[in-house]
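To start, the structure under review is shown below, and the notes come after it.
Put into structure tokens, the structure is as follows:
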């Protein structure tokens, strides 16, 4: 049986938020050692968005070196002027299978309902790019997005609940 860890983070010289390991670096070698110890065959890397787009590079390097072990749900600035080209060319980077977003910054919270990223849902649906989301507190809005985009492939983190060790639940989850 193939054992897949569907969400790991790699980072280098970073300060992670309190609900993550409080170490400056968690490398591909660290992940491989822990995966071997736990009997995990492969993993989906979710580069931590709090550390910016540079962590995508670390994930791509891991997937390039270990293509049978790692794939990636990466992220980028959804307000980038060349955002549509970025989405169209996403799979050109080794290991990039789709996206993962949290929308947990104050300026992003309205994106669930204000239409700001409707272009993104449509583009991902058209390109069959899966989207992973930390959607706690926004499951009702996500349901409406899914209804408008029935071909959109969604990966919901933390059972649709808030992440980060919070006990807060979402009745729509």
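Residue numbers (the working numbering): 1 to 173. Every residue, glycine too, gets a C-beta built ideally from N, C-alpha and C. Source: prediction; values computed, not measured.
Ranked by Cα distance from residue 42, the options 25, 22 and 71 are led by 71.
For residue 29, the closest C-alpha among the options 2, 100, 56 and 69 is that of 69. Annotation: the continuous alpha helix (DSSP H) that includes residue 58 extends over 54-65. Taking residue 34 as reference, the option from 9, 77 and 138 with the minimal CA-CA separation is 9.
Comparing alpha-carbon positions, the option among 5, 59 and 39 lying closest to residue 26 turns out to be 59. Excluding residues up to 5 positions away in sequence, 47 and 74 lie with their Cβ nearer than 6 Å to the Cβ of residue 56 in the same chain. Burial is judged here by how many other beta carbons sit within 10 angstroms of a residue's own beta carbon; residue 4 has fewer than 16 and is exposed. Restricted to the segment 67-103, the beta strand (DSSP E) segments that are unbroken, complete and at least 3 residues in length are 70-74 and 96-101, listed in chain order. Taking residue 153 as reference, the option from 14, 24 and 131 with the minimal CA-CA separation is 131.
In the DSSP assignment, residue 5 falls outside any alpha helix (DSSP H) and within the unbroken beta strand (DSSP E) covering 4-8.
With a beta-carbon spacing of about 5 Å, residue 103 and residue 111 fall inside the 8 Å limit used to define contacts. The DSSP-derived three-state label of residue 43 is strand. Going by C-alpha positions, residue 45 is about 8 Å away from residue 6. In the DSSP assignment, residue 28 falls within the unbroken alpha helix (DSSP H) covering 28-38.
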